[in-house]
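The sequence shown maps to residues 50 to 187 in the working numbering.
Glycine included, every Cβ here is placed at the ideal spot set by N, Cα and C.
One structure below.
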Amino acid sequence: VVEKFYPKRYRDNCSEEQLRQLYQRLSTKWMALRGHTAVDCVRIYLAVVRKWPLFGAKLFSAKLLTASTPESRLIWLAISENGINILEYDCMRLILTYLYKNLVTFGGYQEDFMLVVNNMSTEEKHTEKLLFTFAKPK
């Protein structure tokens, strides 16, 4: 089950102990589903997934460049009905959310994608430019 359904990139960064715990937890969960029909399993899966705040968001793998961090950082860009979200690449933990009302402009910039947002984290309002680089299509 782990080999088939658990993403390899998450397993690669685990220690032996973490992998053992992962196998044990997933085995327990998998055994709990024994006796359920495929329809029941789909219903259970959807009930869990719908609780995630970014359910339905479109995810893009990108490198983020900002003025405050000169080196690029691999992230997930999640476009949802509430705004634009930046997630950590390895664990999909939420880093930042920009509501659409704080979006000044967006669009292509050279070969990248740029967002200009109102930064609400400080007392004085100022804009921040975020530059995203995506993998080139093959």
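- Taking a C-beta distance under 8 Å as the contact criterion, Val51 and Leu71 qualify as a contact pair.
- Contact between Val166 and Thr176 holds: CB atoms are separated by about 7 Å, below the 8 Å threshold.
- For Gly156, the beta-bridge partners assigned by DSSP are Met163.
- For Tyr147, the pairing in a beta bridge is given by DSSP as Ile133.
- The DSSP-derived three-state label of Ser64 is coil.
- Phe109 sits in a strand when the DSSP states are folded into three classes.
- Counting C-beta pairs closer than 8 Å gives fewer than three between the stretch 147-157 and the stretch 104-113, which falls short of the contact rule.
- Under the three-state reduction of DSSP, Arg92 is assigned to helix.
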